[in-house]
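Chains as they are written, first to last, in our numbering: chain B, 1394 to 1820; chain R, 11 to 342.
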Amino acid sequence: MTIEITMPRLSDTMEVGTILHWHVDVGDEVSSGDILADIETDKATMELQTFDDGKVVSLVVNEGEQVNVGTTIATLTGDIPAGGEAPLEELVQTSVPENSEVKSSASVTASKTEHLGSRVSPVARRLAEEHRIDLGTVTGSGPSGRIIKRDILQLVDTKTETTAAATTTQSSVVAGQVSTAAQPIKPLAPTAPWQEDKVVPLSNMRQIIATRLVESKQTIPHYQVTMSFDMDPLLEMRATLNEQLASSGVKLSVNDFLVRCCALAMSSNPEFNASFGGDCILYHGPVNVGIAVAVPEERGGGLVVATIRNADTKSLRSISQESQYLSNKARTSGLSPDEMGDTTFTISNLGMFGVEHFTAIINPPNSAILAVGAAIEKPVIRNGELAVGNEMSATLSLDHRVIDGAMAAMYLKTLKELMENPASLLV
Amino acid sequence: MSVATASRVIEFREALREAMSEEMRNDKRVFLLGEEVAQYDGAYKVSKGMLEEFGPRRIIDTPISESGFSGMAIGAAMRGLRPIVEFMSWSFSLVAADPILNNAAKMLYMSGGQFGCPIVFRGNDGAGGQLASTHSWCVESLYANVPGLKMAIPYDPYDAKGLLKTAIQDDNPVFFLESERLLSTTGHVPEEEYTIPFGKALIRREGRDCTIISFGRPLHFCEEAAAELAKEGIDCEIIDGRTIRPLDIDTMVQSVQKTNACVVVDQSWSFASVGSEIASQIHSICFDELDNFVHRVHSDDVPTPYAQNLEQAYLPNARKICEAVRAATYNA
């Protein structure tokens, strides 16, 4: 009996995976629990175990190759016959699996093979690979139905049109790597040898950023609401707490206060802890606040969102510890799917870079994201008098399908009360 | 300088003459021989006035005996001179096939490097207009098959001068293929000396949809075709190979990688031709970049007809090139 190993779905958002390394070779005998391969997903690198005993018959996907979830990546023979290996013919003939789930992936493979046999011009085949177009879905306009360059480019154009309204933040995506790439780009003619353009293929991380944020900006009706916060009381309390807790190694950041404030405000404004479900709105039980963390260039760049689970029930101290641990891990070794899944709200803070104000793109399936600027010393009116104070501006991006403007205002009002009366955060 | 930008305009034949005269002034070893090149100023007036300037020892009228004077020139080249042999027509070189192919092209190899053969054979190649089947030879495919020789085909007066000077300076036998139909055409040619390197093709027209590769006179038909096709929205890139040996396949491949479609226009017959060689190389080097097989336009596979209308229909012409480009780009 032949067992087909398919690319597993290792996270909610995973659509493709890359085989980084095979731990087995053709001919190796494996038993349940053995590690077959390292697989890079959109979020992390994970080990693939076998659940069956058997012998590796083929490794279909090469190291470094990326395939869709469900694609066959290797085959095993189950039940190694007592007399030795099963004859090759038998292995081939018995490749129809019994289990229906496997069957569906097998039929995908079969139809793919069929397209490989159809008429496709060489460059059309290459372009289809680049733009991730399944040749089976393309009607050829060349002689005898040959699929030609024009057929592929028309499909790419159609995609481009549908993404024409897409956010400009994606405009620099390298053409051909991601189906959501806005337009084909071509290098500029260099006027000097050191000015030559460089093509850098997208990392997995950048591909997922490109795909998910275009999807977010295109499908979610975004709007923004901004409010300013008097930061003097909070900064004062933070200084006091940090001074008193210095001996226990606690150093609270403004962001730690923000996480707690946002989480508490979410408890009293449940739409902010909800997801749009097409024909329903899903109100989440747990309040999980995500923090956007920039990944350093030497680790491939990009950003991840670390999850502070049940942030509404956690003290400032534990939020601070958890957030420091996760940010460090994200920047050094990377987060596990568990450490970055299931957020219900996201905070993106560029205050530490001196940014005054910006807007963020919602991180689906969240309904809102808070873009936070720096607390800046400026002239303010306090009790009818001109004074010098610290003000911080924060901008919510909202999914209008879930949250209306008045609700956003209510949330910011709650947030403002918490931020400006920080003593309540201690209990 | 890679294209004509000078202000002076002269005829193609004058550009050829200027190249020869400049090289003869620069190098005493260079001389010209052929039928009617001296007293008659050349059958096509290419060598007009050269006898007067260089005298009968360096501008030599020969008997009507291509085999004889080619062989004589090859001997002179082996002994250190640098002859230019004018064939009134390359059609007549066929009787000299043994010396030019068996001796000139192979001498360096056969003598173990002792004797080179720095010689230029030049003359009219291709249909001159109702010269009928024996006098309308396109020898490029026939002769390019032989290792050891170089072959250049100029497109305009600028290239005629620059390429011919390179040919005369080259230490190998160079087959220099002119066209009777282009001799009276004019173009910008600098008065100063310049050479054009062998093995460097030139993009005559930039385009994105289809690469057209050709040499010499048919390039003019390619330009007509490209203008016609532009009206249909097909944007052609025209590459002038300039020399067949050495062949600048890299420039051709780069263009095909951009356009994904290619038509080769070669005025010789299609069977075992320069066109089939280029097509084969493109197929093997950039197969994955092709949207269609390389299409070819040649003279029809019959002896050249005498009748004017039939000759026109027989040669590669703009209509045939348009049809080939449409087919190659799936616009047929």
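Beta carbons are placed, not taken as given, at the ideal position from N, Cα and C, and that holds for glycine. All of these numbers come straight from a predicted model, not from anything done at the bench.
(1) Which of the three DSSP states, helix, strand or coil, is assigned to residue 359 of chain R?
(2) Strictly by DSSP, which residues pair up with residue 1770 of chain B?
(3) Look at residue 1533 of chain B and residue 1525 of chain B and say whether their C-beta atoms are less than 9 Å apart.
(4) Taking residue 302 of chain R as the query, report the chain B residues whose CB atoms sit under 8 Å from its CB, ordered along the chain.
(5) Looking at chain B, is there any beta carbon in it that lies within less than 9 Å of the beta carbon of residue 298 of chain R?
(6) With a threshold of 9 Å between beta carbons, is residue 336 of chain R in contact with chain B?
(7) With distance defined between alpha-carbon atoms, name the residue in R:259, R:196, R:311, R:268 nearest to residue 287 of chain R.
(8) Among B:1541, B:1412, B:1701, B:1590, which residue has its Cα nearest to the Cα of residue 1520 of chain B?
(9) Give a yes or no on contact between the segment 28–36 of chain R and the segment 1684–1698 of chain B, applying the rule of three or more CB pairs nearer than 8 Å.
(10) Residues of chain R with CB closer than 9 Å to the CB of residue 1599 of chain B, please, in chain order.
(11) Any idea if residue 1592 of chain B is buried or exposed, counting beta-carbon neighbours within 10 angstroms, 16 or more meaning buried?
(12) DSSP state of residue 1676 of chain B, grouped into three classes?
(13) What is the DSSP secondary structure of residue 100 of chain R, reduced to helix, strand or coil?
(14) Consider the Cβ of residue 1519 of chain B: report whether some Cβ of chain R lies at a distance smaller than 9 Å.
(15) Apart from the five residues just before and just after residue 1773 of chain B, which ones in its own chain have a Cβ nearer than 8 Å to its Cβ?
(16) I want to verify the contact list: residues of chain B whose CB lies under 8 Å from the CB of residue 153 of chain R, in sequence order.
(17) Assuming residue 1448 of chain B is part of the beta strand (DSSP E), what are its boundary residues?
(18) So which of B:1546, B:1696, B:1615 has the shortest CA-CA distance to residue 1597 of chain B?
(19) So, is residue 19 of chain R buried or exposed, given that buried needs 16 or more other C-beta atoms within 10 angstroms?
(20) Looking only at C-alpha atoms, which of R:89, R:67, R:92, R:158 sits nearest to residue 112 of chain R?
(21) Looking at the secondary structure, which residues open and close the beta strand (DSSP E) in which residue 70 of chain R lies?
(22) Using the DSSP secondary-structure output, state which residues sit across from residue 1775 of chain B in a beta bridge.
(23) Is the segment 55–62 of chain R close to the segment 98–106 of chain R, with three or more CB pairs under 8 Å?
(24) In chain order, what residues of the same chain lie with their CB nearer than 6 Å to the CB of residue 1812 of chain B, ignoring the 5 residues before and after it?
(25) Classify residue 1763 of chain B as buried or exposed, calling it buried when 16 or more other Cβ atoms lie within 10 Å of its own Cβ.
(26) Rank B:1395, B:1443, B:1649 by C-alpha distance to the C-alpha of residue 1704 of chain B and give the top, closest one.
(27) Whole angstroms is fine: what's the gap from residue 1403 of chain B's alpha carbon to residue 1434 of chain B's?
(28) Does DSSP classify residue 1394 of chain B as helix, strand or coil?
(29) Would you say residue 204 of chain R faces chain B, with C-beta separation under 9 Å as the test?
(30) Where residue 1473 of chain B and residue 1447 of chain B are concerned, what is the direct C-alpha to C-alpha distance, given to the nearest angstrom?
(31) Which of helix, strand or coil does DSSP assign to residue 1616 of chain B?
(32) Taking residue 270 of chain R as the query, report the chain B residues whose CB atoms sit under 7 Å from its CB, ordered along the chain.
(33) Using a Cβ-Cβ cut-off of 9 Å, state whether residue 340 of chain R counts as contacting chain B.
(34) State the start and end residues of the unbroken alpha helix (DSSP H) segment that holds residue 1649 of chain B.
(35) Ends of the beta strand (DSSP E) at residue 132 of chain R?
(36) Rounded to the nearest angstrom, what separates residue 1787 of chain B and residue 1605 of chain B at their Cα positions?
Reading it off the structure:
(1) Absent from the model: residue 359 of chain R. The displayed extent of chain R is 11 to 342, so no value can be given.
(2) If you number the first sequence from 1, residue 1770 of chain B lands on position 377. For residue 1770 of chain B, which the question treats as bridged, DSSP gives the partners B:1783.
(3) Within the first sequence, residue 1533 of chain B is the residue found at index 140, counting from 1. Within the first sequence, residue 1525 of chain B is the residue found at index 132, counting from 1. No, these two residues do not count as a Cβ contact at 9 Å.
(4) To locate residue 302 of chain R, count along the second sequence from 1; it is residue 292. In chain order: 1514, 1535, 1541.
(5) Within the second sequence, the letter at position 288 stands for residue 298 of chain R. By this cut-off, residue 298 of chain R is an interface position.
(6) What you label residue 336 of chain R is simply residue 326 of the second sequence in a count that begins at 1. No, residue 336 of chain R lies away from the interface with chain B (no Cβ there is under 9 Å from its Cβ).
(7) Here residue 287 of chain R is taken as the residue at index 277 of the second sequence, counted from 1. The residue with the shortest Cα to Cα distance from residue 287 of chain R is R:259.
(8) Residue numbering aside, residue 1520 of chain B sits at position 127 when the first sequence is read from its first letter. Checked all of B:1541, B:1412, B:1701, B:1590; the closest Cα to residue 1520 of chain B is B:1541.
(9) no
(10) As a position in the first sequence, residue 1599 of chain B is number 206, starting the count at 1. Per Cβ cutoff of 9 Å: no residues; residue 1599 of chain B is ~26 Å from chain R at best.
(11) Indexing the first sequence from 1 puts residue 1592 of chain B at position 199. Looking at its Cβ environment, which holds fewer than 16 other Cβ atoms inside 10 Å, residue 1592 of chain B is exposed.
(12) The count along the first sequence starts at 1 and reaches residue 1676 of chain B at position 283. Reduced to three states, the DSSP call for residue 1676 of chain B is strand.
(13) Mapped onto the second sequence, residue 100 of chain R falls at position 90. In the structure shown, residue 100 of chain R sits in a helix (DSSP, three-state: H, G or I).
(14) As a working note, residue 1519 of chain B is residue 126 in the first sequence. So, interface residue.
(15) Residue numbering aside, residue 1773 of chain B sits at position 380 when the first sequence is read from its first letter. Here the set comprises 1623, 1779, 1780, 1781, 1782, 1784.
(16) Stepping through the second sequence from its first residue, residue 153 of chain R is reached at position 143. Chain B residues near residue 153 of chain R: none, gap ~33 Å exceeds 8 Å.
(17) Working through the first sequence from its first residue, we reach residue 1448 of chain B at position 55. Unbroken beta strand (DSSP E) run through residue 1448 of chain B: 1447–1452.
(18) In the first sequence, the residue the question calls residue 1597 of chain B occupies position 204. Ranking the options by Cα distance to residue 1597 of chain B, first place goes to B:1696.
(19) Reading the second sequence from its first residue, position 9 is the one you call residue 19 of chain R. Classification of residue 19 of chain R: exposed, given that the 10 Å Cβ count is below 16.
(20) Here residue 112 of chain R is taken as the residue at index 102 of the second sequence, counted from 1. It is R:158.
(21) The residue you call residue 70 of chain R lines up with position 60 of the second sequence. Taken as a continuous stretch (DSSP letters only), the beta strand (DSSP E) holding residue 70 of chain R covers 69–71.
(22) On the first sequence, position 382 is the one that residue 1775 of chain B refers to. The partner list for residue 1775 of chain B (beta bridge, DSSP) reads B:1778.
(23) no
(24) As a first step, residue 1812 of chain B must be located in the first sequence, where it is residue number 419. Correct list, in chain order: 1622, 1627, 1654.
(25) As a working note, residue 1763 of chain B is residue 370 in the first sequence. Buried, by the Cβ-count rule.
(26) Walking along the first sequence from the start, residue 1704 of chain B turns up at place 311. The candidate whose alpha carbon is nearest that of residue 1704 of chain B is B:1649.
(27) Taking the first residue of the first sequence as position 1, residue 1403 of chain B is located at position 10. Taking the first residue of the first sequence as position 1, residue 1434 of chain B is located at position 41. Going from the Cα of residue 1403 of chain B to the Cα of residue 1434 of chain B covers about 7 Å.
(28) The residue labelled residue 1394 of chain B in the question sits at position 1 within the first sequence. Three-state result, residue 1394 of chain B: coil.
(29) In the second sequence, the residue the question calls residue 204 of chain R occupies position 194. It does not; no Cβ of chain B falls within 9 Å.
(30) Here residue 1473 of chain B is taken as the residue at index 80 of the first sequence, counted from 1. Here residue 1447 of chain B is taken as the residue at index 54 of the first sequence, counted from 1. Unreliable placement is indicated for residue 1473 of chain B, whose pLDDT of 49 sits below 50; no coordinate value is reported for it.
(31) The residue given as residue 1616 of chain B occupies position 223 in the first sequence. DSSP places residue 1616 of chain B in strand when its eight states are reduced to three.
(32) Residue 270 of chain R sits at position 260 when you count from the first residue of the second sequence. Neighbours of residue 270 of chain R on chain B, chain order: 1516, 1542.
(33) In the second sequence, counting from the first residue as 1, residue 340 of chain R sits at position 330. Answer yes: the Cβ-Cβ gap between residue 340 of chain R and chain B drops below 9 Å somewhere.
(34) Taking the first sequence and counting its residues from 1, one reaches residue 1649 of chain B at position 256. Looking at the DSSP string, the run of the alpha helix (DSSP H) that includes residue 1649 of chain B is 1647–1661.
(35) Counting from one through the second sequence, the residue named residue 132 of chain R turns up at place 122. Start and end: 130–134.
(36) Against the first sequence, residue 1787 of chain B aligns to sequence position 394. Against the first sequence, residue 1605 of chain B aligns to sequence position 212. Residue 1787 of chain B and residue 1605 of chain B: Cα-Cα distance of roughly 23 Å.
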